[in-house]
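Heads up, the sequence shown stops at 199 in this note's numbering, and the numbers go up one at a time, no gaps.
Note that the Cβ used here is the ideal one computed from N, Cα and C, for glycine as well.
On a predicted model such as this, the values are computed, not experimentally measured, just so you know.
Everything below concerns the one structure shown next.
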Amino acid sequence: MATMEKVPMLAEGYERLTADLKTLRAERPKIVDAIEEARAHGDLSENAEYHAAKERQGQVEAQIAEIEDRVSRAQIIDPSTLSGDKIVFGATVTLLDDDDKPVKYQIVGQTEADANKGRISYNSPLGRALIGKSVGDEIEVTVPSGDKFYLVDKIEFI
Numbered sequence: 042m043a044t045m046e047k048v049p050m051l052a053e054g055y056e057r058l059t060a061d062l063k064t065l066r067a068e069r070p071k072i073v074d075a076i077e078e079a080r081a082h083g084d085l086s087e088n089a090e091y092h093a094a095k096e097r098q099g100q101v102e103a104q105i106a107e108i109e110d111r112v113s114r115a116q117i118i119d120p121s122t123l124s125g126d127k128i129v130f131g132a133t134v135t136l137l138d139d140d141d142k143p144v145k146y147q148i149v150g151q152t153e154a155d156a157n158k159g160r161i162s163y164n165s166p167l168g169r170a171l172i173g174k175s176v177g178d179e180i181e182v183t184v185p186s187g188d189k190f191y192l193v194d195k196i197e198f199i
């Protein structure tokens, strides 16, 4: 049973989800046509085209259901409307690592996370460690490469 808790996300993440949903819904009729065409080829027990089309149909329907669930529970957050001295969803945080080298991350939803672009999920180990912290707080995070230590240097809502 799915939980009914809200799924926080930025507006751009919501737009990406709704665009993906539209694309998947547009694929539905094409899959049905492919199934009908494969069915016309005769014996279904040895019909690879039929089985592939049915499998794709299952995948698309599962993706549609998952995205519809996320969209229905979406809580769109605009970071520019936030303020405060604690790290919350949407905040952009500048951290200092062990070598006092600054690293900058924005706390975002799971669908928007991209560490290469400085966007980490609030559910990631670092994201969870940062939520609720203030400037000057030290954070220890266990990652696959070992333990990392950070100092919160700056919190922005941009």
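For Leu136 and Pro185, what's the separation of their Cα atoms in angstroms?
19 angstroms
What's the C-alpha gap between Glu87 and Pro70?
24 angstroms
Quick one: grab the DSSP three-state call for Ala79. DSSP places Ala79 in the helix class (H, G or I) of the three-state scheme.
Cβ of Thr200 within 9 angstroms of Cβ of Val112? Outside the shown range of the chain, which is 42 to 199, sits residue 200, and nothing can be said about it.
- Item | Backbone CA spacing between Ser124 and Glu102 [nearest angstrom] | 40 angstroms
**Asked** Got a sec: is the Cβ-Cβ distance from Pro49 to anything in chain D below 9 angstroms?
**Response** Absent from the structure: chain D. Only one protein chain is present.
Using three-state DSSP, classify Arg169 as helix, strand or coil. Here Arg169 sits in helix by DSSP.
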